[in-house]
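Protein sequence lines correspond, in order, to chains A and B.
Using our numbering, read the first sequence as starting at 1062 and increasing by one per residue.
Using our numbering, read the second sequence as starting at 1062 and increasing by one per residue.
C-beta: ideal position from N, C-alpha, C; glycine also.
The structure displayed is predicted, hence computed values, not measured ones.
Protein chains: 2
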Amino acid sequence: MAGRASAQAALETRRSVVKAAADLASIEGLDSVTIGRLAEIVQMSKSGVIGQFRTKEALQLETVELVFADFRTRVWDTVKRFPQGLPRLLAACDAWTEYAADPGYPGGCLMTQVTYDYDGRDGAVHERLLEGRNQWRATLRADLATAVEAGDLPEDTDVESVVFGLESLASFITPARLLHGDMRAADRAYQGMRRIIGV
Amino acid sequence: MAGRASAQAALETRRSVVKAAADLASIEGLDSVTIGRLAEIVQMSKSGVIGQFRTKEALQLETVELVFADFRTRVWDTVKRFPQGLPRLLAACDAWTEYAADPGYPGGCLMTQVTYDYDGRDGAVHERLLEGRNQWRATLRADLATAVEAGDLPEDTDVESVVFGLESLASFITPARLLHGDMRAADRAYQGMRRIIGV
DNA sequence: AGATTAAGCGTACGATCGTACGTTATGCAA
DNA sequence: TTGCATAACGTACGATCGTACGCTTAATCT
């Protein structure tokens, strides 16, 4: 059996490949994902796999896009209706830690994995990652600023350092679970976030 | 010029290879370090490089050993003379964040890199990493327990969650520096640690 | 219906991977 | 001085890497 030219089927293929790439990347890192192993997983030929993306970097970028989409769905969409400020911030911390603890990938939170993998490299993936994270940071900053204006947080709150703290705590959930077997990592992270915020 | 059988020279070779491996690993991760590229860096043949270690995993393990040795020197040795309890804990946080911000490797703190790289994998590196980190966690716990006993910290301090918070904050210094260009990451981490500890 | 487009396959390529092997040259002990 | 241990070399191996190319086949469009 050879190729079928249905555009819909092709889209499904793309998705299955990207999903497999994300699963693999969550364990071993995005850049040890290999066309050959992907082909084996989705039961296709190497050329069939790469043909969808033309280049490996394009596949990696699409995988990163999936990560952001997941994060948006699981975290951002669940809190965007909260009133901006402290309520939304706390809801975000809750959804965030819960997502990091159960991201739906076998090797843990892919957002975390990709962040630590590409922080020190150059290239399109690094750039896209930075952009995506900055978007999230901006909403955190906005909520913090609103909370300060509303008087829910002290006037001298160091917004930038609080953002740093929140990102730190969320990012350590995966290694705490996988390395130390800490099954309460999400709770600890949320608890820490409240201390960092000061509430 | 061919081999010289001086044991001392061989030791120097080992060290230069491991050092190069650590430098490379700090940027791209320990397991994308390649015998061939190491050989190129230290100006030796591939067989000369691997001959020192027999297998690549042994080289990786020795690299991890270097990481722990560095951490011990830069962090532990500078605080071990402090009185156990809150004083030593705070001194440790100071040395720890400073180390993470300036670890002496081009791609950032190698301890962090290896942790996030091998947390979800099996094998000897994972095992050794876990053991080494647990050792450090034990001293943190000891200082926290002593601080509680001494009345420097509240009775209901959740030791395990505090340890989680400290590790989180220290581990985010590298990505904050490399990804977001945050040059005050170490300060933010130290500041966050004090909030987590509650002092 | 026939023509066009594209999905997926098979094969091949040059590189590079980790490792094994035998050789050469050196330092140290007997 | 002779002999042994070993550092480092060169070469070779089978695998796998990412990518390029042409082919077959099926869906879509005129």
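Here valine 1186 of chain A is buried: its Cβ has 16 or more other Cβ atoms, across all protein chains shown, within 10 Å. Of the residues assessed, leucine 1085 of chain A falls on the buried side of the cut-off, its CB having 16 or more other CB atoms within 10 angstroms.
Non-local beta-carbon contacts of alanine 1237 of chain A in its own chain, meaning distances under 6 Å to residues more than five positions away in sequence, involve Asp1243 and Ala1246 in chain order. By the beta-carbon neighbour count (other beta carbons within 10 angstroms, threshold 16), threonine 1173 of chain B is buried.
Selection B:Leu1151, B:Leu1150 and B:Ala1082 evaluated against glutamate 1123 of chain B yields B:Ala1082 as nearest (Cα-Cα). Here the C-alpha atom of valine 1220 of chain B lies approximately 32 Å from the C-alpha atom of glycine 1181 of chain A. At a cut-off of 8 Å between beta carbons, glutamate 1118 of chain B makes no contact with chain A. Taking the CA atoms as reference points, glycine 1212 of chain A sits about 53 Å from arginine 1115 of chain A. Of all residues in the region 1173-1187 of chain B, those with a C-beta nearer than 9 Å to a C-beta of chain A are Thr1173, Gln1174, Thr1176, Tyr1177, Asp1178, Tyr1179, Asp1180, Gly1181, Arg1182 and His1187, reading in chain order. Within chain A, the residues placing a beta-carbon under 7 Å from that of proline 1236 of chain B are Thr1176, Tyr1177 and Asp1180, ordered along the chain. Within the region 1137-1149 of chain B, not one residue has a Cβ closer than 8 Å to any Cβ of chain A.
Contacts with chain A at 8 Å (Cβ-Cβ) include glycine 1168 of chain B. With the rule of 3 Cβ pairs closer than 8 Å, the region 1144-1153 of chain A counts as touching the region 1199-1218 of chain A. By alpha-carbon distance to threonine 1095 of chain B, the top candidate from B:Lys1141, B:Ala1156, B:Glu1118 and B:Phe1233 is B:Glu1118. Listed along chain B is no residue with a C-beta nearer than 9 Å to that of serine 1106 of chain A; the closest approach is about 26 Å. Taken through DSSP and simplified to helix, strand or coil, cysteine 1154 of chain A comes out as helix.
Glutamate 1210 of chain A sits in a helix when the DSSP states are folded into three classes. Close partners of leucine 1239 of chain B in chain A (Cβ separation under 7 Å): Asp1180 and Gly1181. When DSSP states are grouped into helix, strand and coil, glutamine 1069 of chain B belongs to the helix group.
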